[in-house]
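For the sequence shown, my numbering gives the first residue as 269, with consecutive numbering after it. These notes concern the structure reproduced below.
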Amino acid sequence: MTEHQLKEQEFRIARYRRLEREVTDPLAACLLHSIIEELEAELRKDRPDWHGPCD
């Protein structure tokens, strides 16, 4: 991935994290969590030094 694509991936992860915090449906939250995990795994594959947000 290019640097621009990596930044876009980080933005997608942040957007899904925000949605995960806002949803009230447990199934939706679970599905969003799975999406986040997949996106993070892909990002770690392309950027091994990435460890996630600094919450």
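All C-beta atoms in this analysis are idealised placements derived from N, C-alpha and C, irrespective of residue type, glycine included. What you are looking at is a predicted structure, and each value in this text was computed from that prediction instead of being measured.
Alpha carbon of K275 to alpha carbon of D293, nearest angstrom:
K275 and D293 have their alpha carbons spaced roughly 29 Å apart.
Can you give me the C-alpha to C-alpha distance between E290 and M269, rounded to a whole angstrom?
Taking the straight line from one Cα to the other gives about 30 Å.
If you draw a straight line from the alpha carbon of L299 to that of E308, how long is it in whole angstroms?
Rounded to the nearest whole angstrom, the C-alpha separation of L299 and E308 is 14 Å.
Assuming E288 contacts H301 (C-beta within less than 8 Å), just tell me the rounded distance between them.
Confirmed, about 6 Å.
If you run the structure through DSSP and keep just helix, strand and coil, what is D293?
Here D293 sits in coil by DSSP.
Just verifying my parser: in three-state terms, what is the DSSP assignment at D314?
D314 carries a helical assignment under DSSP once its states are collapsed to helix, strand and coil.
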